[in-house]
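Data first, discussion second: the structure below is written as structure tokens.
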Amino acid sequence: GAGVSQSPSNKVTEKGKDVELRCDPISGHTALYWYRQRLGQGLEFLIYFQGNSAPDKSGLPSDRFSAERTGESVSTLTIQRTQQEDSAVYLCASSSGTGNTIYFGEGSWLTVV
Amino acid sequence: GEDVEQSLFLSVREGDSSVINCTYTDSSSTYLYWYKQEPGAGLQLLTYIFSNMDMKQDQRLTVLLNKKDKHLSLRIADTQTGDSAIYFCAERPGGYNKLIFGAGTRLAVHP
Chain Z
1 GAGVSQSPSN KVTEKGKDVE LRCDPISGHT ALYWYRQRLG QGLEFLIYFQ GNSAPDKSGL
61 PSDRFSAERT GESVSTLTIQ RTQQEDSAVY LCASSSGTGN TIYFGEGSWL TVV
Chain U
114 GEDVEQSLFL SVREGDSSVI NCTYTDSSST YLYWYKQEPG AGLQLLTYIF SNMDMKQDQR
174 LTVLLNKKDK HLSLRIADTQ TGDSAIYFCA ERPGGYNKLI FGAGTRLAVH P
């Protein structure tokens with residue numbers, strides 16, 4: 001696609017429910033990132049995928065968070081048993097394997113009530 | 114350690130130049146980035162600079178890098194109301210693939 005595509009763009013869920021957020025990177029980009037942005041704050045790194053290498057999961061805040069990536073395409077970020085503090089914008093980004101330019105999607109706005 | 118700091122707010126008059134400052138801590142950072150975020154939108158890559166450069170110019174944007182002081186700035190010439198947004202500075206530490214972001218500087222442009 002022309003850019004990084006994320007869905008849903010907005011999600012309201014009840015506390016305790018599981019949510020899945022999807023990211024479709026730019027075609028041909030082997031690197032994919034997930035970041036979280038709480039209201040009025042900067043971006044927190046969550047996880048990084050590069051090709052078939054083991055992902056860098058060092059930013060995942062708890063074991064309720066997990067992410068998968070199918071080959072070098074779509075990625076899904078799953079949050080289990082959501083809590084109110086999970087409310088944030090979840091941003092996905094992609095880049096070519098050796099590229100210095102990292103492009104972001106529009107984000108998925110998650111509200112836990 | 115990894116830490117990127119920015120001032121939180123800047124107000125300028127339309128037509129003036131804006132200078133947004135950023136400091137970072139990781140001397141191994143290879144690339145430094147500026148992103149723009151408009152309300153309700155994702156991050157738009159504005160420009161980036163390699164650590165062996167001290168200046169990069171792209172139309173109205175000028176990036177200055179002082180590697181010794183670990184200081185990065187973004188100058189926007191002839192600031193317009195459409196430049197009102199939050200500007201994020203980010204570093205890419207050497208050996209890492211992730212970007213470390215600052216908290217963002219909110220730029221307000223008034224007539």
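Note that the protein sequences, when read in sequence, are chains Z and U. Here the numbering used here is used: the first residue of the first sequence is 1, the next is one more, and so on. Here the numbering used here is used: the first residue of the second sequence is 114, the next is one more, and so on. Even glycine gets a Cβ: it sits at the ideal position worked out from N, Cα and C.
When the beta-carbon positions are compared, Ala198/U and Glu151/U come within less than 8 Å of each other.
For the stretch 22–37 of chain Z, the set of positions with a beta-carbon nearer than 7 Å to some beta-carbon of chain U reads Ala31, Tyr33 in chain order. Here Pro25/Z is buried, its C-beta having at least 16 other C-beta atoms within 10 Å. Boundaries of the beta strand (DSSP E) harbouring Leu91/Z: 88–95, taken from the DSSP string. At a beta-carbon threshold of 8 Å, the residues of chain U lying near Glu106/Z are Ala154, Gly155, ordered along the chain. Under the Cβ criterion of 8 Å, Leu60/Z is not counted among the residues facing chain U. The three-state secondary structure of Asp56/Z, taken from DSSP, is strand. For Ala216/U, the closest Cβ of chain Z is nearer than 8 Å. In the DSSP assignment, Gln172/U falls outside any beta strand (DSSP E), carrying neither H nor E. With fewer than three CB-CB distances shorter than 8 Å, the stretch 88–105 of chain Z does not count as touching the stretch 129–139 of chain U. Bridge partners of Arg36/Z according to DSSP: Glu44/Z, Tyr90/Z.
When 7 Å is used as the limit between beta carbons, Leu159/U is near no residue of chain Z, the shortest such separation being about 11 Å.
A direct Cα-Cα distance of roughly 9 Å separates Pro8/Z from Gly107/Z.
By the criterion of at least three beta-carbon pairs nearer than 8 Å, the stretch 66–86 of chain Z is in contact with the stretch 10–26 of chain Z. Thr111/Z has a beta carbon lying at 8 Å or more from every beta carbon in chain U. Below the 7 Å Cβ cutoff, chain U contributes no neighbours of Gly51/Z, its closest Cβ being approximately 11 Å away. For Gln83/Z, there is no enclosing beta strand (DSSP E), as DSSP marks it with neither H nor E. In the three-state scheme derived from DSSP, where H, G and I count as helix and E and B as strand, Asp196/U is classed as helix. Close to Leu123/U, with beta-carbon spacing below 9 Å, lies no residue of chain Z; the smallest spacing is near 16 Å.
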